[in-house]
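Take a look at the structure below.
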Amino acid sequence: MSLEKRAPDYSASTAAAARASRAPLARAQPRHARVPAELAGLRLDQALARLFPEFSRSRLQSWVRSAHVTVDGAPAQPRDKVRGGERIDLTAQPQADLPDLAQDIPLTVVFEDDALLVIDKPAGLVVHPGSGNRDGTLMNALLHHAHTLASLPRAGIVHRLDKDTSGLLVVAKTLPAQIDLVRQLQARSVKREYLALVSGAAPLQGTIAAPIGRHPVQRTRMAVVERGKPATTRVRRLRAGHGWSLMECSLETGRTHQIRVHLASIGHALIGDPVYLGRGTARALPSAAQSFSRQALHAARLVLAHPLTGAAMAWESPLPADMQALLHELTRDAPER
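In terms of our numbering, the sequence shown opens at residue 216 and continues consecutively.
This is how it looks when you write it as structure tokens:
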């Protein structure tokens, strides 16, 4: 399978990245980079996100404000524009606010080598610690599975799945691999395909291109909003019955709740979605679907270029037992179309 051209490598050097990958997060880590000409005109925080993709933009902004980032030796602000050629010095600070406790939590490992770890995440497992989920997460499980992941930002996690979404998720085992995977995600060359059981008779196929941002009133939700970030999801109907459809969804971007928001925006919210499935729609669902306890979404296929060899690699995960059982009940209650 052909993959899109990768984004330019802005890291100082592979050797430097490898040395940094062995440094424990318990200590501040100095990083250095030179702003390339193609980033001229960007805000500093935008340029930093390209130069140091292993860190989230919010963390980079925080380090800029606290003078842990300097530009040509001087403090700066996240909104400052870069012109190209500047020397960036960043002292990455440890994540003291999040637990790094390794916990013996079972993992379904689909693939593992020296650079990559592919996990088939069950529904109900939170990916990263945060408010209300201080431990018992995938990150805690990863730290137990491979202690060396403690040396990496986010324990090597490069993308997320919602707590109640099941399926495939890739984790980097070294810093060079993490940087490469993040840049593949930025270049949109990582292919992620999902299976979704949705309400109603969805269209046979199509593309949903609608910007996503925070809901203007309900701030814990996302929504299609005019000033949101560009988001594109390709959808194809695989099966359908009375009041439901089984959809294949392919992500071209990776916004928070993207598939959930996009499908709800066209009137076909995910069965079991506690946030985006309206009560009226839920009551109109077949009886088998009304009691489904999570959003019926599964990350079924993952394709990427191996960060060391460049070879295209692909993994697939079948529908989990709960979605298989729901699909069986739906097809039994009413004939398919």
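Quick reminder that beta carbons are idealized off the backbone N, C-alpha and C, glycines included.
Listed as beta-bridge partners of Lys336 by DSSP are Gly382.
Here Thr524 is exposed, its C-beta having fewer than 16 other C-beta atoms within 10 Å.
For Gln473, the closest C-alpha among the options Arg516, Arg375, Gly300, Arg246 is that of Arg375. Apart from sequence neighbours up to five positions away, the residues of its chain that approach Lys406 with a beta-carbon distance below 6 Å are Val518, ordered along the chain. According to the DSSP assignment, His360 belongs to the alpha helix (DSSP H) that extends over 353-360. Going by C-alpha positions, Ala497 is about 8 Å away from Ile486. Boundaries of the beta strand (DSSP E) around Pro245: 244-249. Around the beta carbon of Ala529, a 10 Å sphere encloses fewer than 16 other beta carbons of the protein chains shown; the residue is thus reported as exposed. Scanning its chain for C-beta atoms nearer than 6 Å, with the 5 sequence neighbours on each side dropped, one finds around Leu384 the residues Ile334, Lys336, Leu376, in chain order. A distance below 9 Å separates the beta carbons of Arg452 and Leu419.
Scanning its chain for C-beta atoms nearer than 6 Å, with the 5 sequence neighbours on each side dropped, one finds around Thr468 the residues Ala446, Thr447, in chain order. In chain order, Asp350, Gly351, Asn355, Ala356, Leu358, His359 place their CB closer than 8 Å to the CB of Gln318, counting only its own chain and leaving out the 5 sequence neighbours on each side. Here Ala515 really is in contact with Gly382; their C-beta atoms are around 6 Å apart, less than 8 Å. A straight line joining the alpha-carbon of Thr306 with that of Asp329 spans about 27 Å.
Pairing Arg429 with Val439 gives a Cβ-Cβ distance that is not under 9 Å. Under the DSSP definition of a beta bridge, Ala387 partners with Leu331. Bridge partners of Ser465 according to DSSP: Glu408, Arg449. Here Gly347 is exposed. Its C-beta has fewer than 16 other C-beta atoms within 10 Å. Pairing Leu478 with Ile427 gives a Cβ-Cβ distance that is not under 9 Å. Ranking Ala417, Ala503, Leu257, Pro489 by CA distance to the CA of Leu461 puts Ala417 first. In the DSSP assignment, Arg516 falls within the unbroken beta strand (DSSP E) covering 512-520. Between Leu390 and Leu367, the C-beta spacing is below 9 Å. Residue pairing of Asp304 in beta bridges, as defined by DSSP: His247, Thr285. For Gln505, no beta strand (DSSP E) run applies; the uninterrupted alpha helix (DSSP H) run containing it begins and ends at 502-505, by DSSP.
In the DSSP assignment, Arg280 falls within the unbroken alpha helix (DSSP H) covering 272-280. Sequence-distant Cβ neighbours of Ala338 in its own chain, meaning closer than 6 Å and more than five residues away, are Asp379, Ser381, Arg509.
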